[in-house]
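A.B. asks: Below is a structure I'd like to ask you about.
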Amino acid sequence: MRGGSMNFYQHQRLSKALENFRKECPEDYDIVYEFASDLIAEGISEFRVRGYVIYLKKIIQTVNKRLKDFEKADVKRVINHYQLLRNSGELSDSSVFEVKKTLKKFFRWYGRDELINWFSIGKVKNSLSPSDLITEEEFQKMMNACTNSRDRALLSLLYESGARIGEIGSMRVKDVSFDEYGAVVWLPKSKTIRRKLRIVFSVTYLSAWMSDHPMRDDPESPLWIKLTGKKRLQAMEYKDVQWQLKKIAKRAGIKKRIYPHLFRHTRATRLLAKVPESIGAKYMGWVNGSKMVGVYVHLASEDVDEAILKMYGIKTNNNNKDLEVKQCPRCLQVNPAISRFCSRCGLPLTEEAIQEIEEWEKRKAEAFNELTNPQFIKIFMGMQREIEMLKAEIEKLRKGEVK
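Number 244 in our numbering belongs to position 212 of the sequence shown; there are no gaps in the numbering.
Set out below in structure tokens:
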């Protein structure tokens, strides 16, 4: 049976979190399982629900008390405990935020608003600074450090799309469609819903990986598969991607922490500086009503395509390009800016490449002229006669030894 797609953020990881909860907090398992099931039914992502389950376990263990027996003093005790840990530097602001959010979510669902209506969740300060983001130079170093077409395709798609790792990880071979402008990928949002995303820069790398993919003829095959080991050809999991990124970053000599979601942070920051907020929001897959976006949901996918292609300078003359690309003037294939030759038709795309071909043609012509030179032919034929004479002498010696 082929390995499932990277729904580690989803059913598989949520199931594991619930199982861990059952082992450590068995008396509260039934109520938390019901809570999690209701949230899933409401359309909340299993990744988010998993977070609630994990924090509920921590909350219970903080006061060593069943959830049904919680009082206002217990809630205060939990919050104070985590705030003290934050003040001492042991926890981040986001951890305290998640604890408060979990308390609010659970006890509101449980019908105990009096336990949580006295405090506000607040906002998490963005702990990322511009220096934490992946620079263009660092990205190119990582691309150069990749050792196979799969890693180059995965890295470039993460960097260009800024998609959630759960979306990219769940992709199958059928979710990639190439066209004259590059390609469109379909990112699974759920079992029945997919969102369309225009890509340009990563097309060459994705095309190379699709050509190398051992199961490229199977539309249902996971797009990202393991290439070695006992689980070869099975779908990569989150830990596999995370481990691979760390290895690539280490080979590239990058010291900062590189992790899957950092690519999304980087892309969102750069994209929203280049395109209108409504276009950027739809491209990043932010949901309707998100506080990060204004009006965008009425835009059609074609509007997003037009804006993204315009940003790359393919349909319009726009000097404010993001990831640089080159469009082949002969076949119109889109290639990365560092390409010296077109990946489709082989046309040279740089002056250096043209000069290299001219030099190669010159050397080839010179070599041919040498081979057809009468003087060279005379010398060559003489060498051939000497070789034949040597062969004859060797044969005589061999026969003499046999006697």
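Glycine included, each C-beta is placed from N, C-alpha and C at the ideal position.
Quick caveat: nothing in here was measured; it's all calculated off a predicted structure.
Based on Cα-Cα distance, which residue from Tyr-87, Pro-251, Asp-164, Asn-180 lies nearest to Tyr-114?
C.D. replies: Within the sequence shown, residue 114 is the residue found at index 82, counting from 1. For the residues Tyr-87, Pro-251, Asp-164, Asn-180, the minimum Cα distance to Tyr-114 belongs to Tyr-87.
A.B. asks: In whole angstroms, give me the CA-to-CA distance for Lys-342 and Val-232.
C.D. replies: Position 310 of the sequence shown, counted from the start, is the residue given in the question as residue 342. Position 200 of the sequence shown, counted from the start, is the residue given in the question as residue 232. Cα to Cα, the separation comes out at about 11 Å.
A.B. asks: Check whether the region 202 to 217 and the region 255 to 273 touch, using three or more Cβ-Cβ pairs below 8 Å as the test.
C.D. replies: Contact holds: three or more Cβ-Cβ distances are below 8 Å.
A.B. asks: Say whether the region 75 to 86 touches the region 43 to 54, bearing in mind that this needs 3 or more beta-carbon pairs closer than 8 Å, one atom from each stretch.
C.D. replies: Contact between the region 75 to 86 and the region 43 to 54 is present, because at least three Cβ pairs lie under 8 Å.
A.B. asks: Spatial neighbours of Val-366 within its chain, please: CB distance less than 6 Å, with the 5 preceding and 5 following residues excluded, ordered by chain position.
C.D. replies: Here residue 366 corresponds to residue number 334 of the sequence shown, with the count starting at 1. Gly-214, Val-232, Val-235, Val-357, Gln-359.
A.B. asks: Short of 8 Å in beta carbon distance, which residues of its chain neighbour Val-110, apart from the five on each side in sequence? Order them along the chain.
C.D. replies: The sequence position of residue 110 within the sequence shown is 78, counting from 1. Counting only Cβ-Cβ distances below 8 Å, and skipping sequence neighbours, we find Ile-91, Thr-94, Val-95, Val-131, Leu-135.
A.B. asks: DSSP puts Gly-214 in a beta bridge; with which residues?
C.D. replies: Mapped onto the sequence shown, residue 214 falls at position 182. Partner(s): Asp-211.
A.B. asks: Less than 8 Å between the CB atoms is what I'm expecting for Ser-127 and Arg-140, so what's the real figure, rounded?
C.D. replies: Within the sequence shown, numbered from 1, the residue matching residue 127 stands at position 95. Within the sequence shown, numbered from 1, the residue matching residue 140 stands at position 108. Going by Cβ atoms, the distance from Ser-127 to Arg-140 rounds to 21 Å, so no, they are not a contact pair.
A.B. asks: For the beta strand (DSSP E) that Ile-286 lies in, which residues bound it at each end?
C.D. replies: Position 254 of the sequence shown, counted from the first residue, corresponds to residue 286. Note, Ile-286: premise wrong, no beta strand (DSSP E); not H, not E.
A.B. asks: Determine the DSSP secondary structure at Ala-267, reduced to helix, strand or coil.
C.D. replies: Here residue 267 refers to the residue found at position 235 of the sequence shown. In the structure shown, Ala-267 sits in a strand (DSSP, three-state: E or B).
A.B. asks: Ignore the nearest five residues each way along the sequence and tell me which others in Met-242's own chain have a CB closer than 6 Å to its CB.
C.D. replies: Residue numbering aside, residue 242 sits at position 210 when the sequence shown is read from its first letter. Once the five neighbours on either side are set aside, the close Cβ partners of Met-242 are Arg-248.
A.B. asks: Where do the ends of the beta strand (DSSP E) carrying Ile-231 lie?
C.D. replies: Here residue 231 corresponds to residue number 199 of the sequence shown, with the count starting at 1. Element bounds for Ile-231: 226 to 231.
A.B. asks: Can you tell me whether Asp-62 is buried or exposed? The criterion is at least 16 other CB atoms within 10 Å of its CB, across all chains shown.
C.D. replies: Here residue 62 refers to the residue found at position 30 when the sequence shown is read from its first residue. Flag for Asp-62 reads exposed.
A.B. asks: Give me, in chain order, the residues of the same chain whose beta-carbon lies closer than 7 Å to that of Val-64; leave out the 5 immediate sequence neighbours on both sides.
C.D. replies: Translated into positions along the sequence shown, residue 64 becomes position 32. Around Val-64: Phe-53, Val-85, Leu-88.
A.B. asks: Spatial neighbours of Ala-281 within its chain, please: C-beta separation below 7 Å, excluding the five flanking residues on both sides.
C.D. replies: Stepping through the sequence shown from its first residue, residue 281 is reached at position 249. Excluding positions up to five away in sequence, the list reads Met-174, Ile-290.
A.B. asks: Could you please give the first and the last residue of the uninterrupted alpha helix (DSSP H) stretch that includes Leu-123?
C.D. replies: Locating residue 123 in the sequence shown gives position 91, where the first residue counts as 1. Segment: none, Leu-123 is in no alpha helix (DSSP H) and carries neither H nor E.
A.B. asks: In the DSSP assignment, find the unbroken alpha helix (DSSP H) run with Lys-240 in it and report its ends.
C.D. replies: Taking the sequence shown and counting its residues from 1, one reaches residue 240 at position 208. Strictly speaking, residue 240 in this sequence is Ala, with Lys absent from that position. Where Ala-240 is concerned, the enclosing alpha helix (DSSP H) stretches over 235 to 244.
A.B. asks: Since Ser-188 and Tyr-237 are thought to touch, with beta carbons under 8 Å apart, how far apart are those beta carbons, to the nearest angstrom?
C.D. replies: For the purposes of this step, residue 188 is taken as the residue at position 156 of the sequence shown. For the purposes of this step, residue 237 is taken as the residue at position 205 of the sequence shown. That pair is a contact at about 5 Å.
A.B. asks: Could you pull out every residue in the same chain whose Cβ sits closer than 8 Å to the Cβ of Val-273, ignoring the five residues on either side in sequence?
C.D. replies: By 1-based counting over the sequence shown, the position of residue 273 is 241. Closer than 8 Å at Cβ, skipping near neighbours: Met-38, Leu-186, Ile-197, Gly-201, Trp-256, Pro-292.
A.B. asks: Using the three-state DSSP reduction, which class does Val-128 fall into: helix, strand or coil?
C.D. replies: Working through the sequence shown from its first residue, we reach residue 128 at position 96. Val-128 falls in the helix class under three-state DSSP.
A.B. asks: Suppose you measure from the CA of Phe-412 to the CA of Asn-401; what does that come to, to the nearest Å?
C.D. replies: Working through the sequence shown from its first residue, we reach residue 412 at position 380. Working through the sequence shown from its first residue, we reach residue 401 at position 369. When rounded, the distance between both Cα atoms is 14 Å.
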